[in-house]
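Peer 1:
In full-length UniProt numbering, the protein residues as written are 1 to 92.
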């Protein structure tokens, strides 16, 4: 079975998500942005979600994690929780 590790940033609006993505792409550290802006409790850990398999996260999130490019900021991804930026750090 596939496994992945990822980190994410959760915010309320697509606009905020795009603004944070631009900051990260401009050189600001993903973990620092997560700590400051993410509304998810994982933000305190730099957005780290640990290791998980398909079906453990919501569908929209899973689709990106298990098909998106590694070590690249992906998103915004809209889910029932808000808008996410994702970074898949490993996949096997």
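Just so you know, even glycine gets a beta-carbon here, dropped at the ideal spot from N, CA and C.
Are at least three pairs of beta-carbons, each pair with one atom in the stretch 68–80 and one in the stretch 35–54, less than 8 Å apart?
Peer 2: Judged by Cβ distances under 8 Å, the stretch 68–80 makes no contact with the stretch 35–54, as fewer than three pairs qualify.
Peer 1: For residue 15, name the three-state secondary structure that DSSP assigns.
Peer 2: Reduced to three states, the DSSP call for residue 15 is helix.
Peer 1: What are the complete beta strand (DSSP E) segments, minimum 3 residues, inside the UniProt domain "PpiC" (1–90)?
Peer 2: List check, beta strand (DSSP E) in window: 4–11, 48–52 and 73–79.
Peer 1: Use the C-beta contact count for residue 41: other C-beta atoms within 10 angstroms, 16 or more gives buried, fewer gives exposed.
Peer 2: Exposed, because fewer than 16 other Cβ atoms sit within 10 Å of the Cβ of residue 41.
Peer 1: Taking three-plus beta-carbon pairs below 8 Å as touching, is the stretch 53–64 in contact with the stretch 14–34?
Peer 2: Contact fails: fewer than three Cβ-Cβ distances are below 8 Å.
Peer 1: For residue 79 and residue 72, what's the separation of their Cα atoms in angstroms?
Peer 2: Residue 79 and residue 72: Cα-Cα distance of roughly 19 Å.
Peer 1: Just to confirm, are residue 88 and residue 31 a CB contact at a threshold of 8 Å?
Peer 2: No; because the gap between Cβ atoms is not below 8 Å, this pair is not in contact.
Peer 1: Roughly how many angstroms separate the alpha carbons of residue 11 and residue 76, rounded to a whole number?
Peer 2: Approximately 10 Å between the Cα atoms of the pair.
Peer 1: Taking all protein chains shown into account, decide if residue 43 is buried (16 or more other Cβ within 10 angstroms of its Cβ) or exposed.
Peer 2: Burial call: buried.
Peer 1: Taking only the alpha-carbon atoms, compute the straight-line gap between residue 14 and residue 35 and give it to the nearest angstrom.
Peer 2: For residue 14 and residue 35, the distance between alpha carbons rounds to 18 Å.
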